[in-house]
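In this note's numbering, the protein residues as written are 799 to 878. Shown next, in structure tokens, is the structure this report addresses.
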């Protein structure tokens, strides 16, 4: 029998807007969506760690994140 002792999901997420907008509006909209994403994980008590955050020339944002997967224990994955 096998049992998962610890699990973690590593994702690359690209926050961008769908319709064309002025660059300053794009940056604000992307930042708002990113903050909402983080607040949602905090409210749901999902353990996570932002590994990398990179602003793109078009105003979008790319992040690399490690987070808990399906309520499994994260073990040492988020301690690095």
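For each residue, glycine too, the CB sits at the ideal point set by N, CA and C.
- Between residue 845 and residue 876 a beta carbon distance of about 6 Å is seen, short of the 8 Å cut, so the two are scored as contacting.
- A Cβ-Cβ contact shorter than 9 Å links residue 852 with residue 861.
- In this structure residue 804 is in contact with residue 872, their Cβ atoms being roughly 6 Å apart against a cut-off of 8 Å.
- Inter-residue distance for residue 836 and residue 821 is about 23 Å (C-alpha atoms, whole angstroms).
- In the three-state DSSP reduction, residue 846 falls in the strand class (E or B).
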